[in-house]
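Peer 1: Next up is a structure, given as structure tokens.
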Amino acid sequence: MLRVGDGSVQEATGAYTWVALTDANGAALPGTIVGTDGAGLTILDGRATPNVAAFKGTDFDRPEDMEIRTLADGSQQLFVATTTNNNVFSLDLDDAVISKFVDQTTIDGETGVAVGSVFNSPDNLAIDENGTMYVIEDQPGGVENLWIAVDADKDGVAESMSVFATLRTAGAEST
26 MLRVGDGSVQ EATGAYTWVA LTDANGAALP GTIVGTDGAG LTILDGRATP
76 NVAAFKGTDF DRPEDMEIRT LADGSQQLFV ATTTNNNVFS LDLDDAVISK
126 FVDQTTIDGE TGVAVGSVFN SPDNLAIDEN GTMYVIEDQP GGVENLWIAV
176 DADKDGVAES MSVFATLRTA GAEST
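For the sequence shown, our numbering begins at 26 and goes up steadily by one.
This is the structure in structure tokens:
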């Protein structure tokens, strides 16, 4: 479970820790909420357990897709698209810091002002061989934009983003 601070602030950024729900053998730790699935197997309730104080996790609404970028020095960043609140987060896997990679306040590379509500429902992510991040929207309102995010200094916070392509076919999805 990912916890930023004490886990109480939704979509928080800053230093994070991973909170174990199981031991090294995969057995649920004391205090986790377990149940039985339809086949009679014991399962750990991954939705209810993060609400237990000892396992409190930070709420990131509807994480949808993840990508890992490896930098020239070998360090890695994990990117997570959270569709509901229009954010893509970056986790520095070496320094244990989470940041907003892009959101509606990110500068539009074409206009020089914040992208605003034009950036909506980030759904899928892709990284090319140069480390460039592409953000593909879910199709809110029949329009799906494909964005290129520019993170020139590779710090996990994009300096700008621009629409690369737009899909306007109702019901279609590019991924």
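For glycine and all other residues, C-beta sits at the position ideal for the given N, C-alpha and C.
Tell me which residue opens and which closes the beta strand (DSSP E) that N149 is part of.
Peer 2: In the sequence shown, counting from the first residue as 1, residue 149 sits at position 124. 147–152 is the extent of the beta strand (DSSP E) around N149.
Peer 1: Please say whether V127 and M186 have beta carbons closer to each other than 8 Å?
Peer 2: Position 161 of the sequence shown, counted from the first residue, corresponds to residue 186. Position 102 of the sequence shown, counted from the first residue, corresponds to residue 127. Closer than 8 Å, so yes.
Peer 1: Please state if the CB of E169 and the CB of I161 are separated by a distance shorter than 8 Å.
Peer 2: As a working mapping, residue 161 is identified with position 136 in the sequence shown. As a working mapping, residue 169 is identified with position 144 in the sequence shown. The answer is yes: Cβ separation under 8 Å.
Peer 1: Between the C-alpha atoms of M26 and I173, what's the straight-line distance to the nearest angstrom?
Peer 2: In the sequence shown, counting from the first residue as 1, residue 26 sits at position 1. In the sequence shown, counting from the first residue as 1, residue 173 sits at position 148. Distance between the alpha carbons of M26 and I173: 30 Å.
Peer 1: With H, G and I counted as helix, E and B as strand and the rest as coil, what does DSSP make of V143?
Peer 2: Sequence index remark: in the sequence shown, residue 143 carries index 118 (1-based). Here V143 sits in helix by DSSP.
Peer 1: Can you check DSSP and say which residues form a bridge with I93?
Peer 2: Within the sequence shown, residue 93 is the residue found at index 68, counting from 1. I93 pairs with L103.
Peer 1: Is F126 helix, strand or coil when you go by DSSP?
Peer 2: By 1-based counting over the sequence shown, the position of residue 126 is 101. If DSSP states are grouped into helix, strand and coil, F126 belongs with the strands.
Peer 1: Applying the 10 Å Cβ sphere with the 16-neighbour rule, what's the burial state of T130?
Peer 2: Taking the first residue of the sequence shown as 1, we reach residue 130 at position 105. T130 should be labelled exposed.
Peer 1: Looking at the secondary structure, which residues open and close the beta strand (DSSP E) in which S185 lies?
Peer 2: Here the question's residue 185 lines up with position 160 in the sequence shown. 185–192 is the extent of the beta strand (DSSP E) around S185.
Peer 1: Since V182 and S100 should fall inside the 8 Å C-beta cutoff, what is the C-beta to C-beta distance between them, to a whole number of angstroms?
Peer 2: If you number the sequence shown from 1, residue 182 lands on position 157. If you number the sequence shown from 1, residue 100 lands on position 75. 15 Å between Cβ atoms; not a contact.
Peer 1: Helix, strand or coil: how does DSSP classify P75 here?
Peer 2: Here residue 75 corresponds to residue number 50 of the sequence shown, with the count starting at 1. Three-state result, P75: helix.
Peer 1: What residues are listed by DSSP as bridge partners for I68?
Peer 2: Taking the first residue of the sequence shown as 1, we reach residue 68 at position 43. Its beta-bridge partners are G60.
Peer 1: Report back the beta-carbon spacing between N111 and N145 to the nearest angstrom; my notes put them in contact at under 8 Å.
Peer 2: On the sequence shown, residue 111 is found 86 positions in, with the first residue counted as 1. On the sequence shown, residue 145 is found 120 positions in, with the first residue counted as 1. Going by Cβ atoms, the distance from N111 to N145 rounds to 6 Å, so yes, they are a contact pair.
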